[in-house]
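I have placed the structure first, in the form of structure tokens, so that the comments after it can refer back to it.
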Amino acid sequence: MARDPFRAAAARVRHRLRPRPHPGRRARRFGGGTLVAPPRPFVRALGLVGVVLFGAWLGLLAVGSVRTPVGPMDTTMTLRPSLSGGTKINVSPLGALELDSHHAPVRLDVDVDRLDPVRSQALVQHPERLSGLEDEVTGDVASGTRELAVRSCVAVVSGATALGLAVYRRPRRALAAGGLALSLLAASGISAYATWNPKSVLEPRFSGLLSSAPSVVGDARSIVTDFDVYQRELARLVTNVTKLYDATSTLPVYSPDPATLRVLHVSDIHLNPAAWHIIGSLVEEYDIDVIIDSGDTMDHGAAVENNFLDPISDLGAPYVWVRGNHDSAITQKYLEHAKRFKNVHVLDEGRAVNVGGLRVAGIGDPEFTPDRTGPEQAADVERTAGLRLAAALRDQQRAGTPVDIAVTHEPAAARETDGAVPLVLAGHVHHRQNEVMKLGTRLKVEGSTGGGGLRAVQNKKPEQVLASVLYLDRSTRRLQAWDEITLGGLGLTTAEVSRHLPEEKRSLPTSLPTSPTTSR
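In this note's numbering, each number is its position in the sequence shown, counted from 1, plus 1395.
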């Protein structure tokens, strides 16, 4: 017969807390004749905290979850200890959706166990019930949350009290443990309430198979409308998860919003042939209008590498390219003059093109350093190139053909365009950066879409494959939202899609240019 888990835990704790004689301290003699020194106050306090935390955890494991229907779904809600807090919604076997909803030492886990066939069929047969689904979900989640709160309180207090009684064998100590556990849970609840962020539903992190279903991630218009409907309460989020589950299961054809332009930003491919397959898949799944490559497509820039570029012609979208410090003049000429590259637009010295409904200008990296070394004046050279690009952008504005997006390779060059364009893209540093600069221009730096390239095999840890889908309004050509796509590097199969919105309180100056509608 298995031993009671509380007794086993108590035995271990008693062994750890057993006091030992200390030189210079008066020992007490107990019934067995053993001399034992009384434990120090801070040791007793630390031991009590350990008993409380361990007992509360055991209580939550035993009875701290609630099974409750939420609309057409059967779910399990659970509170878990956590260092960062937040909410995690598991939609097995499709993946998970994580929200930075609050900061507290507890996390809310919502496991979507299944879609109930009876309730789901009722919605299909009586679509008029969809209008009341949100209220139904609100009531279900509120009821489940109340039950979870009560059950968690009982579980935490009971677990801490029972373990305290088993360890100390004194009712007063056991009640103190239960009271401390309740106080800690109350403090966690207050912390979660104080840091509650209802807007976290606007920036979910998708993982697993959910990240491969951009048809349910949405577009720029639905981000602002559909997602905004669910931003105030967890109940409304669960309504959206129902749709997410159903849409991902059936994999419907993606229907793009005609009011949204989609730009795929890639960078630093570094001769990784797998990148072309990834880019092609993203173009097809997201219905990309324009691909923008901010350079370092090659590794050494030699003529023998040129054939690596040939798949660009089959990607199914216009390809805008600027030279990086690993791309040579030979590379650039091949893209400019080869007849097969009818979809390629090479930008340099501030040249602008109308492509996919956007006006884009760019400048190539002034340095060629395939061995990753360069002269000390490199920063000044990059800034000078950025100033030339900024001057070209202002010339375009005065001519009545303002640019929507500028492209460089080095972020140092991109910073010189502040105030001359709404959005500037760069790469080079192999990690993402995003900021709105002093004069209102947003700088977005992409990581390596090639996972660091073939040189990455020399690293101890594989680099992630990074790309971003930018959503722009077709009439204003302003950025509405973006998805950051992160894939595991060499030997890894993880995937995540993270949704982001521009800051609501930070808008671009009215002096920044917008261009007339252009065509591909």
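For each residue, glycine too, the CB sits at the ideal point set by N, CA and C. What you are looking at is a predicted structure, and each value in this text was computed from that prediction instead of being measured.
Length of the line joining the Cα atoms of V1611 and D1766: In the sequence shown, the residue the question calls residue 1611 occupies position 216. In the sequence shown, the residue the question calls residue 1766 occupies position 371. Residue placement at V1611 cannot be trusted, given a pLDDT of 48 that sits under 50; what the coordinates show is reported in the next sentence. Taking the straight line joining both Cα atoms gives about 43 Å.
Option in H1498, D1535, G1459, L1494 with minimal Cα separation from P1469: Residue 1469 sits at position 74 when you count from the first residue of the sequence shown. Note that residue 1469 is Asp in the sequence shown, not Pro. It is D1535 whose Cα lies nearest to the Cα of D1469.
Residues of its chain near G1427, where Cβ-Cβ distance is below 6 Å and the 5 sequence neighbours each way are ignored: Numbered from 1 along the sequence shown, position 32 holds the residue referred to as residue 1427. Residue confidence is low: G1427 scores 47 on pLDDT, short of 50, so the model does not pin down where it sits. No coordinate-derived value is stated.
According to DSSP, residues forming a beta bridge with P1476: Reading the sequence shown from its first residue, position 81 is the one you call residue 1476. For P1476, which the question treats as bridged, DSSP gives the partners V1501.
Touch test, the region 1779–1799 against the region 1824–1831, Cβ-Cβ under 8 Å, three pairs minimum: Short answer: they don't touch.
Sub-8 Å separation of H1804 and D1760 beta-carbons: Stepping through the sequence shown from its first residue, residue 1804 is reached at position 409. Stepping through the sequence shown from its first residue, residue 1760 is reached at position 365. Cβ atoms of H1804 and D1760: closer than 8 Å.
The alpha helix (DSSP H) enclosing E1830, as first and last residue numbers: Working through the sequence shown from its first residue, we reach residue 1830 at position 435. The continuous stretches of alpha helix (DSSP H) do not include E1830, which lies in the beta strand (DSSP E) extending over residues 1828–1831.
Residues sharing a beta bridge with S1460, DSSP: Position 65 of the sequence shown holds residue 1460. The partner list for S1460 (beta bridge, DSSP) reads T1473.
F1622 to K1594 span [Cα, whole Å]: Here residue 1622 corresponds to residue number 227 of the sequence shown, with the count starting at 1. Here residue 1594 corresponds to residue number 199 of the sequence shown, with the count starting at 1. In this prediction, F1622 has a pLDDT of 42, which is less than 50 and means its spatial position is unreliable; nothing more can be read from the coordinates.
Where Y1563 falls, given that 16 or more other Cβ within 10 Å makes a residue buried: In the sequence shown, the residue the question calls residue 1563 occupies position 168. Burial is judged here by how many other beta carbons sit within 10 angstroms of a residue's own beta carbon; Y1563 has at least 16 and is buried.
CB of N1738 within 8 Å of CB of P1713, strictly: Along the sequence shown, read from residue 1 onward, the residue named residue 1738 stands at position 343. Along the sequence shown, read from residue 1 onward, the residue named residue 1713 stands at position 318. In this structure, N1738 sits near P1713, with a CB-CB distance shorter than 8 Å.
Q1727, DSSP secondary structure in three states: Start at 1 with the first residue of the sequence shown, and residue 1727 comes out as number 332. Three-state DSSP puts Q1727 in a helix.
Limits of the alpha helix (DSSP H) - the one that E1679 falls within: Looking up residue 1679 in the sequence shown gives position 284. In the DSSP assignment, E1679 falls within the unbroken alpha helix (DSSP H) covering 1669–1681.
Exposed unless 16 or more other CB atoms sit within 10 angstroms - verdict on D1709: Numbered from its first residue, the sequence shown carries residue 1709 at position 314. Burial call: exposed.
8 Å contact criterion, which A1576 and V1551 should meet: CB distance rounded: Translated into the one-based positions of the sequence shown, residue 1576 becomes position 181. Translated into the one-based positions of the sequence shown, residue 1551 becomes position 156. Going by Cβ atoms, the distance from A1576 to V1551 rounds to 5 Å, so yes, they are a contact pair.
Rounded Cβ spacing between V1715 and D1684 (contact assumed at less than 8 Å): Residue mapping note: residue 1715 aligns to position 320 of the sequence shown, counting from 1. Residue mapping note: residue 1684 aligns to position 289 of the sequence shown, counting from 1. The pair is not a contact, with the Cβ atoms about 11 Å apart (cut-off 8 Å).
Check: V1892 C-beta below 7 Å from any heavy atom of the ligand NAD: For the ligand NAD, the structure offers nothing, since it holds no ligand at all.
Check whether V1755 and I1800 have beta carbons under 8 Å apart: Locating residue 1755 in the sequence shown gives position 360, where the first residue counts as 1. Locating residue 1800 in the sequence shown gives position 405, where the first residue counts as 1. Remark: C-beta atoms of V1755 and I1800 approach each other more closely than 8 Å.
K1839 - partner residues in DSSP beta bridges: The residue you call residue 1839 lines up with position 444 of the sequence shown. According to DSSP, residue pairing for K1839 in a beta bridge involves L1820, N1829.
Contact under 8 Å by Cβ, S1547 with L1494: Counted from its first residue, the sequence shown places residue 1547 at position 152. Counted from its first residue, the sequence shown places residue 1494 at position 99. No; because the gap between Cβ atoms is not below 8 Å, this pair is not in contact.
Alpha helix (DSSP H) segment containing Q1791, residue limits: Here residue 1791 is taken as the residue at index 396 of the sequence shown, counted from 1. Per DSSP, the unbroken alpha helix (DSSP H) holding Q1791 starts and ends at 1773–1793.
Where the alpha helix (DSSP H) containing A1809 begins and where it ends: Locating residue 1809 in the sequence shown gives position 414, where the first residue counts as 1. Unbroken alpha helix (DSSP H) run through A1809: 1806–1809.
Own chain partners of R1509 with C-beta closer than 8 Å, once the 5 adjacent residues on each side are dropped: In the sequence shown, counting from the first residue as 1, residue 1509 sits at position 114. Same-chain partners within the cutoff: M1468, D1469.
Sheet register partners of H1732 (DSSP bridge): Reading the sequence shown from its first residue, position 337 is the one you call residue 1732. As computed with DSSP, H1732 is found in no beta bridge at all.
Own chain partners of G1559 with C-beta closer than 6 Å, once the 5 adjacent residues on each side are dropped: The residue you call residue 1559 lines up with position 164 of the sequence shown. V1446, R1568, A1569, A1572.
One or two residues paired with D1694 in a DSSP bridge: As a first step, residue 1694 must be located in the sequence shown, where it is residue number 299. Under DSSP, no beta-bridge partner is assigned to D1694.
C-beta contact flag for L1861 and G1835 at 8 Å: For the purposes of this step, residue 1861 is identified with residue 466 of the sequence shown, where counting begins at 1. For the purposes of this step, residue 1835 is identified with residue 440 of the sequence shown, where counting begins at 1. It is not a contact, given that the beta carbons lie outside the stated cut-off.
Residue closest to A1815, alpha-carbon to alpha-carbon, out of I1484, L1478, G1745: Start at 1 with the first residue of the sequence shown, and residue 1815 comes out as number 420. Selected option, being the one with the closest Cα: G1745.
Beta-carbon proximity list for S1906, same chain, < 6 Å, skipping 5 on both sides: As a position in the sequence shown, residue 1906 is number 511, starting the count at 1. Only weak support is given to the placement of S1906: the predicted model assigns it a pLDDT of 37, under 50, and the value that follows is read from those uncertain coordinates. The beta carbon of S1906 sits closer than 6 Å to no other beta carbon from its chain once the five residues preceding and following it are set aside.
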